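Following: one structure in structure tokens, then a few remarks.
2 protein chains.
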Amino acid sequence: MSRLSVSTIAAAINSGTSTAETIMAETLARLAAYDAVQPQAWISRAAPEALLAQARAIDARIAAGETLPLAGVPYAAKDNIDVAGLATTAACPAFAYQPTASAGVIERLAAAGAICVGKTNLDQFATGLNGSRSPYGAPRNVHNLNYVSGGSSSGSAVAVAAGLVPFALGTDTAGSGRVPAAFNHLIGFKPTRGRWSTRGLVPACRTLDCITIFTDTPADARLLDAVIAGFDVADDYSKPLANRPLAPRRFGVPRRDQMNWFGDGEAAFLHDRAMATLAGLGELVEIDIAPLLEAAQLLYGGPWVAERTAAMASLLARRPEAVDPTVRSVVEQGWGKSAVDLFNAQYRLAAIKRAADLMWDRIDVLAFPTTPTSYRLAEMLAAPVALNSNLGLYTNFVNLLDMAAIAVPAGTRSNGVGHGISFIGPADSDVALIELAETWAAATGHPSPPPLDLEGKMQTVKLAVVGAHLKDMPLHWQLTSRNAVFAGAFETAPSYRLYAMAESTPPKPALVFSDDGAAIKVEVYELGVAEFGSFVVDVPPPLAIGTVTLADGSSVKGFVAEPRALTGAQDITHLGGWRAYIAQRTA
Amino acid sequence: MSRLSVSTIAAAINSGTSTAETIMAETLARLAAYDAVQPQAWISRAAPEALLAQARAIDARIAAGETLPLAGVPYAAKDNIDVAGLATTAACPAFAYQPTASAGVIERLAAAGAICVGKTNLDQFATGLNGSRSPYGAPRNVHNLNYVSGGSSSGSAVAVAAGLVPFALGTDTAGSGRVPAAFNHLIGFKPTRGRWSTRGLVPACRTLDCITIFTDTPADARLLDAVIAGFDVADDYSKPLANRPLAPRRFGVPRRDQMNWFGDGEAAFLHDRAMATLAGLGELVEIDIAPLLEAAQLLYGGPWVAERTAAMASLLARRPEAVDPTVRSVVEQGWGKSAVDLFNAQYRLAAIKRAADLMWDRIDVLAFPTTPTSYRLAEMLAAPVALNSNLGLYTNFVNLLDMAAIAVPAGTRSNGVGHGISFIGPADSDVALIELAETWAAATGHPSPPPLDLEGKMQTVKLAVVGAHLKDMPLHWQLTSRNAVFAGAFETAPSYRLYAMAESTPPKPALVFSDDGAAIKVEVYELGVAEFGSFVVDVPPPLAIGTVTLADGSSVKGFVAEPRALTGAQDITHLGGWRAYIAQRTA
């Protein structure tokens, strides 16, 4: 079952070379197979029989002579968008309800013949950019299960990137429709605010929310925009359809000294390569991104967080414990914002918007990294707010400043995680942006994404340290400089002896397995394989990195010692660990 | 010195039939003369010599062959608009500053040859619709000095209506550019938000504020709009110039059962007459104004008041006592509004805006009363918040819903105070509204305003009541039904005797002057002459309305009694007043 595009499926069904029922049966098989890998991509799915019945109904209409632009095309919808017949949860079971009507975009897709197979997981209430904030589990990057999928439209990105459906609906307030596209090698199209109806969407920030689409190709995004875009009088934020004529030749790129990759040298390398390609399509113009970054600060650092609070006010009052703790810690800050704060921030935003609008005199579109870096799930869980914030560096400002954007693939890290760039244009530049994405895809030779990671890759290593690498000890920096994540303080199995080595600078211990041993205190860190490798390089004799058995019987990599380490060494096993020895020594 | 229009002056100066110096000399004479009537119309004026020098400079340019659209036209600016060389006070001395540059609109007027003669009084920080909220005094209606001028652009309306200058700048957030136009028989044009630069304006509600113009004729408003309108990149809320083609034939009028005149039957009568005239220009379509009134409630009743708080935050923190007490009582409410409140209100406003936008399918423009009624200054001071709020019933919603408006004269009350209607259209209908105002002026025969009130008219009467008309007594309703305003509880001079009359229903006293008298408690009410007259009609014998001397020696009208009133009456002078008698009687 090869991956099929939206247009291929619709054409095959409309022409009778395939049937909606066949496509749906294949889709059900794909879904079932991938459930073995990431069932947490989904919050709910329609019953297979019901889906097949819907497919047969499409086939009957085609047989009767109709042509439908999305005939029989299966798709997924993020679970903050109402689909009649399926619960809407916003990834919060306490919030769940049964919608009586489908959202405006769902109605349009249904009218065009598309079939919604289920509702996908998300960062709760679409508050997050990483995918880890859900009681339904954390979707992972389909190309490397150690990494976050990106969010908040995590499950929708996974569903398309894993080839389960040819498109899926996400939403985007701060980058939720673009960040997961970048990580998973997808097109992520975020239309101009008001272009696609948001009726039937659980609000995150009502004035900023957009429904978005993930596809494999810009052509599919164009086809879907043609179906979905249009004024909806029942959506107070819907706007009349407008298209700004634009032939992008001048690409605004961040001033080099203002870029931040958060240490991700591979992303910087891939981005430079992408910019070299882009230079073949026009002129690169460096712009000052400080005003854009200031606007971004308003979204979570300023009073806009109160929009999220307003949207969740009843739940926060009624059942605060039902809200994801990270989401809650973010959203509860909104209570403290005053209307005066908000008006002042809106004035500041108007000033930034004016400055941003003047950019369009010098450039046609922005070409920014979609994200500066990506993170492993373990890292994200250890610093859930700070790392999430890093992911939004180049996306947060877009909705606030009423811009449209399309995220496109722009390279693959050695670990399989995608690097992406985003073309960002003024309001109503949607069609021009999609066309630019097509030009970009052609210029980059329509690269295939890397293979799916169906089992989980050995991408991180757990390492037990026992002496000078412990927290606050002299060599701990060798871990922090490698972005090692603290995984816990443990004891070894009761079968080790600990020695203070002679003439070691700084003082270092040797951990030695022994039948007559004791439990020794260790700290375990998790770090990337590459970082682990470089760490091992730096370990001096007589020490070495071997395997250490922990008290629970599990094994991790860890410091061991050659026998010579014991020469002149002092047995300090009775102290139970290195810290006690250092404390005694300095006392 | 007859009243001259903007276009007449500019044409005369450009053609050489007059000079700017001549016009300015005449203007200075007008200003000096009217200072004897209402000096409080102004907060500051430019020095006469400087104005004459400016005028001569214009004359030199004309002599050199230039043509200037506003050559030598004198005008006034509300004192919340920066004019270089004059202080900006916003009617708050503690807030005053010397602007280094003129506001955007002032620059455009200067470039066109207009000359600003001074800065006019206003409701402090443009917070009010009546004109009484200023430490520089309360401007009055030029046609009846007992009545408020309307506000907040009080002094600017007075300056034009008194014929001192042919136009003046006001501002408008909730009706401040329209209410005073109605009361003073002027054109008050409030452009679409962003059409005229607000750079250099002291904000009231920054997202809603508009600079406005008072003129005698729509033609002058059209001429001034052509000079002033245009994009100002330095104003974050400026918008590109746009004109909506519109030929108004369908006039939306309030559903009859939703109108409220607050007891002003004369206004209702004048309005009916105006609507009969309007019916000759097109079709009147009744609309449901409930959504518009709900939007209006948001302005002062909801979180928008926090915009005013934001604008005055530093002053309120530093010198709260420097703020007008009524303004302060209004504006300090903004501190209590949360960002969550504001977002929820903005959502509600978006819904109302959508409903309002749908109106334009059925009608071309709204034709509303500009105000439901008008008030005497004494009344306004007695209930400064409630009565002010009544004045904004038909104006408050306009800026919130991004509409443009022009207030036009539509009748004269017997007391000289103007009744007005406002044509209100969607954003960018500005030119169409001005053209409609011209059509209206022609249809009504370009009526002249009533004569100026240069001395103050006897329009209200003070009446002392002593018995059954006292507050909470059986006949008190005869005062309240006539909108009588309580002026105070007093005692008479110590030269009256008080009797309880025999066989009077309800029980009533007789107040009788006597050399052997005492001070008797009375209540004094102020009511309009017409109401007073009808009140007197209703006074039964043996009582009458005569003159009563109060303890301070002043005289007011009051209840006296024929001699027969004493027949069988009980002398209750020793009780000091009627309340004590009633209390004793019922005890």
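Protein sequence lines correspond, in order, to chains H and S.
Heads up, the first sequence is in the working numbering, so the first residue is 354 and it goes up one at a time.
Heads up, the second sequence is in the working numbering, so the first residue is 354 and it goes up one at a time.
For every residue, glycine included, the Cβ atom is placed at its ideal position computed from N, Cα and C.
All of these numbers come straight from a predicted model, not from anything done at the bench.
Residue i, DSSP secondary structure in three states
i: S:W657; result: coil
i: H:E639; result: strand
i: H:W931; result: helix
i: H:T526; result: coil
i: H:E915; result: coil
i: H:T765; result: strand
i: H:H799; result: coil
i: S:R850; result: strand
i: H:P804; result: coil
i: S:E419; result: coil
i: S:P392; result: helix
i: S:G633; result: coil
i: S:S487; result: coil
i: S:R729; result: strand
i: H:Y747; result: coil
Top-ranked residue by Cα proximity to residue i, from the options
i: H:H822; options: H:A430, H:S502, H:S358 and H:G930; result: H:G930
i: S:T748; options: S:A394, S:A417 and S:V532; result: S:V532
i: H:D578; options: H:A698, H:P894 and H:E788; result: H:E788
i: S:I642; options: S:A760, S:A708 and S:P895; result: S:A708
i: S:L326; options: S:Y450, S:K706 and S:C445; result: Lying before the first or after the last residue shown, residue 326 of chain S is absent from chain S, which here runs from 354 to 940.
i: S:T570; options: S:L599, S:N537 and S:I564; result: S:N537
i: S:R609; options: S:L669, S:A621 and S:A600; result: S:A621
i: S:K543; options: S:A758, S:P859 and S:H927; result: S:A758
i: H:D755; options: H:L851, H:G778 and H:V738; result: H:G778
i: H:T392; options: H:G689, H:L807 and H:A632; result: This sequence places Pro at residue 392 of chain H; Thr is not what is there. Measuring from the Cα of H:P392, the nearest candidate turns out to be H:L807.
i: S:A731; options: S:G841, S:G466 and S:V718; result: S:G841
i: S:I363; options: S:F520, S:A389 and S:R681; result: Reading the sequence as shown, one finds Ala at residue 363 of chain S and not Ile. Among S:F520, S:A389 and S:R681, the Cα nearest to that of S:A363 belongs to S:F520.
i: S:H496; options: S:A535, S:D585 and S:S691; result: S:A535
i: S:D589; options: H:N768, H:I705, H:A629 and H:E636; result: H:I705
Contact set for residue i: own chain, Cβ-Cβ below 7 Å, skip 5 residues either direction
i: H:D781; result: T545, A595, N596 and R597
i: S:L734; result: S485
i: H:A394; result: T473, N474, P492, G508, V511 and A512
i: H:L702; result: A648, L651 and L753
i: S:L482; result: G503, G504, S505, A527, G528, S529, V532, N741, L744 and G745
i: S:L554; result: N433, I434, A456, T524, D562 and I564
i: H:R673; result: The sequence shown places Pro at residue 673 of chain H, rather than the Arg named in the question. For H:P673, where only same-chain residues beyond five positions count, the Cβ hits under 7 Å are R681.
i: H:S867; result: S848, Y849 and R850
Within chain S, the residues that residue i reaches when beta carbons sit closer than 7 Å
i: H:P656; result: A692
Contacts that residue i makes with chain S (C-beta to C-beta distance below 8 Å)
i: H:D589; result: Y700, A703, A704, K706 and R707
i: H:A659; result: S691, A692, V693, L695 and F696
Proximal chain H residues relative to residue i, where beta-carbon distance stays under 9 Å
i: S:R626; result: Within chain H, no residue comes near S:R626; the closest Cβ sits about 38 Å away, beyond 9 Å.
i: S:W688; result: S691, A692 and V693
Amino acids of chain H, ordered along the chain, whose beta-carbon sits closer than 7 Å to that of residue i
i: S:R559; result: Y700
i: S:A663; result: V693, F696 and N697
i: S:A456; result: By Cβ distance, chain H contributes nothing, its closest Cβ being about 17 Å from S:A456, past 7 Å.
Identified DSSP bridge partners for residue i
i: S:T568; result: S:F520 and S:I540
i: S:N494; result: S:N497
i: S:I777; result: S:L719 and S:A758
i: H:F866; result: H:Y849
i: S:Y428; result: S:C469 and S:F520
i: H:R603; result: H:E636
Own chain, CB closer than 8 Å to residue i, minus 5 neighbours either side, in chain order
i: S:L814; result: According to the sequence shown, residue 814 of chain S is Val rather than Leu. E879, L880, G881, V882, F885 and K910, listed in sequence order.
i: H:D891; result: Q831
i: H:I640; result: G605, V606, P607, R608, M712, R715, I716 and L719
8 Å Cβ cut-off: residues of chain H touching residue i
i: S:A666; result: V693
Same chain, Cβ closer than 6 Å to residue i, five either side skipped, listed in chain order
i: S:M811; result: Low confidence applies here, because S:M811 scores a pLDDT of 48, under 50, leaving its location unreliable; read the following figure in that light. Same-chain partners within the cutoff: there are none.
i: S:T372; result: D412
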